[in-house]
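Everything below concerns the one structure shown next.
2 protein chains.
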Amino acid sequence: MNISTATKPHEQLAERLAPQMEQVNTLIRERMASEHAPRIPEVTAHLVEAGGKRLRPLLTLAAAEMCGYDGPHAVRLAATVEFIHTATLLHDDVVDESGQRRGRPTANLLWDNKSSVLVGDYLFSRSFQLMVETGSLRVLDILSNASATIAEGEVLQLTAATDLRTDEAVYLQVVRGKTAALFAAATQVGGVIAEMPEAQVQALYDYGDALGIAFQIADDLLDYQGDSATTGKNVGDDFRERKLTLPVIKAVAQATDEERAFWARTIEKGKQADGDLEQALALMAKYQTLEATRADANRWSAKARAALDTLPEHPIRDMLDGLADYVVSRFS
Amino acid sequence: MNISTATKPHEQLAERLAPQMEQVNTLIRERMASEHAPRIPEVTAHLVEAGGKRLRPLLTLAAAEMCGYDGPHAVRLAATVEFIHTATLLHDDVVDESGQRRGRPTANLLWDNKSSVLVGDYLFSRSFQLMVETGSLRVLDILSNASATIAEGEVLQLTAATDLRTDEAVYLQVVRGKTAALFAAATQVGGVIAEMPEAQVQALYDYGDALGIAFQIADDLLDYQGDSATTGKNVGDDFRERKLTLPVIKAVAQATDEERAFWARTIEKGKQADGDLEQALALMAKYQTLEATRADANRWSAKARAALDTLPEHPIRDMLDGLADYVVSRFS
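Residue numbers (my numbering), protein chains in the order written: chain A, 5 to 336; chain B, 5 to 336.
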C-alpha cells in the first residue's frame, strides 16, 4: 500500500479519486471540442488546462463515492459542474474587466468579449447536455435551480456591491449565488445518483452550501489580510474595486455619520485618494470587523462539518471534514 | 362567428392561439421576476415587452395544437423558447455592439455589458427550469442540443463572418445556429409533448429547420435589397459590418483575382471607402447572386411546406404553410 504524500484535504481527495478524475478530464476534453468552431477549444483550453484545483468536480465525485455509487453518472456530473464553473468564469471575465485569473491573463484579454460570452454559453449548453445524459429529472431540477441562483446572485451583486444599504442578508445571497449554490449542487447530486435517503441528500446540500459560504467569506477576508505572495491578490483589491464585502459591511453598519460619509465617497461614489485604504483598514480595526468576519467563516465551517454527521462513516467523509476546516484555515 | 381580420400568417396564428399566448405572456412575466435582483425585470421588460412577433412561442403552441395536445406543457415550452431567444438577443447585444434592436436602443446601451451577460444567463437558467417542469427527458434532450447548436453557430460566426474561405456549407451551419436550431426545436417539442409518432416529430423538426433557414436567408437578402422604411435597416449594413452572407459568398466563389482582392480588402481587412458598397452590389449583379440567393430561400421555403404533408390536416397546418411562404415573400 502506498503511503500518501498528500497533506491538504483537497489533495487527499484528488489522490483518492484520481482514476475517476482522469475520466472527468477526458470527458471535459471530449465535450469541449467542437468540430465546427475551433475557437471554442482555444478559449476553453486556456481555462480548463490552467490547473485549477478542480474543487467542484472533486466534491461531486467525493459525495458519490462516499455514498457507495459506482455507476457512470458521477463522472458526467463532475464534468457538468466544472463546465458550469468555467462558463461563469468566462462570463465574469467580461463583467469584471479583471486582468488576471488563476495567474494567467483572462480569456477576454487574449480573445475578446464576444468569445468569452459565446464560448461560456457553449460550455453551459454542453453541461446541460451532460446532465440530460444522466436521465435523472431530480438532478436536472437541482442543477437548473442552482443555475438560476448563480445568475440571480451575479445580477444582484451588480447593484449591491456599491450600495451602502447592502446588509449581511444581501451579502449572503450574493455569496450563495457566486459560490455556494454550485458547491451545494455538486455535493447534492452525488447523493441523488447514489439514491441516498432524503435526509442524507439534504445533508450533502447543507455541507456544500456551508462550505461554499465559508470559502467565500474566507476569500473576502483574505483580500484585506492575505499576503499577495500566497493569494496572488493585493491587499485591498476589493476596496479599490468598490466591492462591499463582509468586513466593510460590518464596519458600515456601525459607522458614525462621518465614517459613513467616508464609505459613501470611496465605495458608492468611487472617489478614492491616497490613504483611503489605510483609513478603511483603520475603521475595520476600530470595529474589529476582520475578527467578526473570521468568526462568521468559522461558524459556517462548523456548520459544514456538522452536516457530515448525518452521512455514512467513510475515509472520504474525513477528508470532507478536513476540507471544511482547511478553507477557513488559510488565514489562521 | 367573428370574421378574422388577420391577413399575415403569423397574425392568423396569433389570433387563433390568443388564449394560450396570453398564458405564455403571464408565465413569462412571472418567471422574469426576481425577488432579489430588481435589475433583472428592468432589463428583460425592455426586450420582452418590446412587441416582438413572438414567432418562436407561436410555433410551439401551433405545433402542439395541431397535434391535438391540450395539456399544460405547451405554454411552458413556448415560454422556454422565448426565454432562450431573449437570452441570445441579450448576449448578441454585447457581442455586436449594435445600437438598435427592434427599433429601440439595445439593453447594453441602457444598462451595460455586465447586465446583458448576466441577465441573459438568468433567462437561460429560467428557461431550463421551465423545461424541467415538463418532466420530459426527450424535450430536455432536444432543447439542450438546440442550445449547443446555437452557441456553436454563434462562435463559428465570429471567425467565419470575415473569412473569405467561408463557403455555403459554413454559412448554412451559422444560420442553423443563429436561427434554425431554435425554430426546429420550437416546433419539434410541440409534437413530442403531444406524443406524436416519430415520423411526425421528425416532420415538425424539418419544418422548423427549413423555415428558420428560409427566414434567415431572406433576412440576409433584404439587407441588400430591402427598403429601410419597412425593414428598419439600411441597405448594405451587413457589408459595412463586414458580415459574409450568402449574396457575397456566392460572388466571392466566382470572383476573378481582382474581384477577390476587392472582397479581401473590404470584408477581411475592413478597409472600406466611398463607392465600395456600390462596387459590391455591382459584383452581386454581375453574378446574379441576389437572384440565386432568393432561389435558395424559396427552395428552403418549399422544403418547409413539403414537411407539413406528413402532418395531420388542420387549419393551423394551413397557417404554417402560409408562414413558410410569407417569410420569403417579404422581398417579392
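Glycine is no exception: its CB is placed at the ideal position from the N, C-alpha and C atoms.
Shown here, valine 159 of chain A sits in a helix according to DSSP, grouped into three states. In this structure, threonine 249 of chain B sits away from tyrosine 330 of chain B, with a CB-CB distance that is not shorter than 9 Å. Glutamate 199 of chain A: not part of any alpha helix (DSSP H); DSSP gives it neither H nor E.
The C-beta distance from arginine 130 of chain B to arginine 60 of chain B rounds to 15 Å, too long to meet the 8 Å contact threshold. Nearest in C-alpha terms to threonine 260 of chain A, of all of A/Val193, A/Phe243, A/Lys290, is A/Lys290. With at least 16 other beta carbons inside 10 angstroms of its own, lysine 182 of chain A counts as buried. Apart from the 5 residues on each side of it in sequence, alanine 328 of chain B sits with its Cβ closer than 6 Å to the Cβ of Leu215, Ser305, Ala308, Arg309 in its chain, given in chain order. Going by beta carbons, glycine 194 of chain A and arginine 180 of chain A fall outside the 9 Å limit. When C-alpha distances from threonine 297 of chain B are compared across B/Leu324, B/Thr84, B/Asp227, the shortest belongs to B/Asp227.
In the three-state reduction of the DSSP assignment, aspartate 167 of chain A falls in the coil class, being assigned neither a helical nor a strand state. In this structure, alanine 257 of chain B sits away from aspartate 125 of chain B, with a CB-CB distance that is not shorter than 9 Å. Between glutamate 86 of chain B and the set B/Gly75, B/Ala164, B/Thr64, the nearest pair of CA atoms involves B/Thr64. Counting along the chain, the unbroken alpha helix (DSSP H) around valine 178 of chain A starts and ends at 172-179. Between methionine 135 of chain B and alanine 83 of chain B, the alpha-carbon positions lie close to 9 Å from each other.
By the neighbour-count definition (other C-beta atoms within 10 Å, threshold 16), lysine 273 of chain A is an exposed residue. Below the 9 Å Cβ cutoff, chain B contributes Ala41, Pro42, Arg43 as neighbours of threonine 163 of chain A, in chain order.
Across the structure, phenylalanine 266 of chain A and threonine 92 of chain B are spaced so that their CA atoms are roughly 41 Å apart.
Inter-segment contact for the region 148-162 of chain B and the region 194-206 of chain A is absent: fewer than three beta-carbon pairs are separated by less than 8 Å.
For tyrosine 209 of chain A, the closest of A/Asp223, A/Pro201, A/Phe187 by C-alpha to C-alpha distance is A/Phe187.
Close partners of phenylalanine 187 of chain A in chain B (Cβ separation under 8 Å) are lacking, with about 17 Å as the shortest Cβ gap. Annotation: aspartate 278 of chain A is outside any alpha helix (DSSP H) and is labelled neither H nor E by DSSP. Non-local beta-carbon contacts of threonine 138 of chain B in its own chain, meaning distances under 7 Å to residues more than five positions away in sequence, involve His77, Arg80, Leu81, Ile197 in chain order. In the three-state reduction of the DSSP assignment, aspartate 210 of chain A falls in the helix class. In terms of beta-carbon proximity, asparagine 117 of chain A lines the interface with chain B, with at least one pair separated by less than 9 Å. For aspartate 74 of chain B, there are no neighbours in chain A by C-beta distance under 7 Å, as the nearest C-beta there is about 23 Å away. Straight-line measurement puts the Cα of valine 123 of chain A at about 21 Å from the Cα of threonine 153 of chain A.
Scanning its chain for C-beta atoms nearer than 6 Å, with the 5 sequence neighbours on each side dropped, one finds around tyrosine 73 of chain A the residues Ile197, Ala198, in chain order. Aspartate 300 of chain A sits away from leucine 312 of chain A, with the two beta carbons spaced by 9 Å or more. Closer than 7 Å at the C-beta level to chain A, one finds these residues of the region 147-160 of chain B: Ser148, Asn149, Ser151, Ala152, Ala155, Glu156, Glu158, Val159, Leu160. The C-alpha of asparagine 238 of chain B is placed about 12 Å away from the C-alpha of leucine 281 of chain B. Glutamine 206 of chain A sits away from alanine 184 of chain A, with the two beta carbons spaced by 9 Å or more. Contact between alanine 164 of chain B and valine 143 of chain B is ruled out by a C-beta separation of about 30 Å, above the 8 Å threshold. Contact residues of the region 168-193 of chain B toward chain A are Gln177 (C-beta to C-beta distance below 7 Å). Straight across, the Cα-Cα distance linking arginine 169 of chain A with glutamate 39 of chain B is about 17 Å.
For alanine 18 of chain B, the secondary structure class from DSSP, reduced to helix, strand or coil, is helix.
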